[in-house]
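Colleague: Have a look at this one.
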Amino acid sequence: MRWLRPGSEAEMVALFLRTELPAARFRDTLRALLARHGLPESVSTGLFEGFPDDVSWQWMALTPAELATVRYIDYDYWVELSGGTRLAADAAPRIRAGAAPFGVPSDWALGMADEVARGARFPPLILVTTGPGGDLVVLEGHARLTAYMLARDRLPPELEVLVGSSPAMPR
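For the sequence shown, our numbering assigns the number 19 to the initial residue and increments by one for each residue that follows.
Below, the structure is given as structure tokens:
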């Protein structure tokens, strides 16, 4: 993992909104939350109640091998897709074998992986950790990480990610 430059909470929230607002599964919920608080979609605070307040944000470059160690959040779908390890690298062969956690087909990832293999680039992942040596966990970008692991041999030597670090992150 190579340090690129400092990051900020505002960059993280802007990136989060840029990637999640267009996503059909979250669009309506996020827009309703913003509307309820009278906030525009360009808002840069307020969505992360309970998130540690001492997070240090850094832009980092990760190799494909380092990306293979990134864990999904502890959410039933991702745990099941990975066979319990929470590693996207372990989800990849399961997806190729037709895994359908909770009856939800995972072929969406194969389409994204095809795009990666054709050279498509997606927004940076947002990762979190407890600090140096701690596990990296996806905060935002589970689908992209999964596609990257399905097309791992077609990735560039490094991918830029935004990493937030706090000893309180497990909360």
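Every residue, glycine too, gets a C-beta built ideally from N, C-alpha and C.
Since this is a predicted model, take the numbers as computed values, not measurements.
Three-state secondary structure (DSSP) at Gly151?
Modeller: Coil.
Colleague: Is the region 115-122 touching the region 91-99, taking contact as three or more C-beta pairs under 8 angstroms?
Modeller: Result yes; three or more Cβ-Cβ pairs closer than 8 angstroms.
Colleague: Give the DSSP-derived three-state secondary structure of Pro24 in the structure shown.
Modeller: The answer is strand: DSSP assigns Pro24 an E or B state.
Colleague: Is Gly182 helix, strand or coil when you go by DSSP?
Modeller: If DSSP states are grouped into helix, strand and coil, Gly182 belongs with the strands.
Colleague: So for Glu158, helix, strand or coil by DSSP?
Modeller: In the structure shown, Glu158 sits in a strand (DSSP, three-state: E or B).
Colleague: Have a look at Ser184 and Val146 and give me their C-alpha separation to the nearest angstrom.
Modeller: Cα to Cα, the separation comes out at about 8 angstroms.
Colleague: Going by the CB atoms, is the gap between Ala106 and Leu187 shorter than 8 angstroms?
Modeller: The question names Leu, but residue 187 is Met in the sequence shown. Cβ distance not < 8 angstroms, so Met187 and Ala106 don't count as in contact.
Colleague: Specify the secondary structure class of Leu177 as computed by DSSP and reduced to three states.
Modeller: Correct three-state label for Leu177: strand.
Colleague: Going by alpha carbons, who is nearest to Ala83 out of Ala161, Gly129, Leu154?
Modeller: The option with the nearest alpha carbon to Ala83 is Leu154.
Colleague: Where do the ends of the alpha helix (DSSP H) carrying Leu85 lie?
Modeller: Taken as a continuous stretch (DSSP letters only), the alpha helix (DSSP H) holding Leu85 covers 82-85.
Colleague: Quick one: complete beta strand (DSSP E) runs, 3+ long, within the region 99-157?
Modeller: Within the region 99-157, the complete beta strand (DSSP E) runs of at least 3 residues are 143-147.
Colleague: Quick one: what's got a C-beta closer than 7 angstroms to Gly25's C-beta in the same chain, skipping five residues either side?
Modeller: Excluding residues within five positions, the ones whose Cβ falls inside 7 angstroms are Trp75, Gln76, Trp77, Leu180.
Colleague: If Leu85 sits next to Leu157, beta carbons under 8 angstroms apart, how far is it from one beta carbon to the other, in whole angstroms?
Modeller: Actually they do not touch by this definition, with Cβ atoms about 15 angstroms apart.
Colleague: Use the C-beta contact count for Tyr90: other C-beta atoms within 10 angstroms, 16 or more gives buried, fewer gives exposed.
Modeller: So Tyr90 counts as buried.
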